[in-house]
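Remarks on the structure that follows.
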Amino acid sequence: MVVKNNCSFCGNQIEPGTGLLYSQNDGRVYYFCSNKCYKNWKLNRPSKELKWTNKYGK
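My numbering puts the last residue of the sequence shown at 108; the count rises by one with no breaks.
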C-alpha cells in the first residue's frame, strides 16, 4: 500500500517518490511538495496568506 502525504506548507498531495522530507531533532517530520514550499516554510511565511496555497483564506 502506497502512502500519500500532504505538503506541510501548502496542503497539496505529494506523489510517492517526489517531494522533500524534513525531520527535526525533536522527532517532528515535515513533508514538502516542492523547494518553493520548503523555502517559504523556512522563512516563516504564513501559508494562509499566500494565494497559491490550498490553505489560503481558511
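All C-beta atoms, glycine included, are put in the ideal place defined by N, C-alpha and C.
Can you give the Cα-Cα distance for W91 and Y106, rounded to whole angstroms?
The residue given as residue 91 occupies position 41 in the sequence shown. The residue given as residue 106 occupies position 56 in the sequence shown. Roughly 14 Å between the two C-alpha positions.
So the alpha helix (DSSP H) Y88 belongs to, where does it begin and stop?
As a position in the sequence shown, residue 88 is number 38, starting the count at 1. Element bounds for Y88: 85-92.
What is the residue span of the beta strand (DSSP E) that Y72 lies within?
Locating residue 72 in the sequence shown gives position 22, counting from the first residue. Taken as a continuous stretch (DSSP letters only), the beta strand (DSSP E) holding Y72 covers 70-73.
What first and last residue would you give for the beta strand (DSSP E) that runs through V53?
Walking along the sequence shown from the start, residue 53 turns up at place 3. No beta strand (DSSP E) holds V53; DSSP gives it neither H nor E.
Expressed to the nearest angstrom, what Euclidean distance is found between the alpha-carbon atoms of P96 and P66?
In the sequence shown, residue 96 corresponds to position 46, counting from 1. In the sequence shown, residue 66 corresponds to position 16, counting from 1. The straight-line gap from Cα to Cα measures roughly 26 Å.
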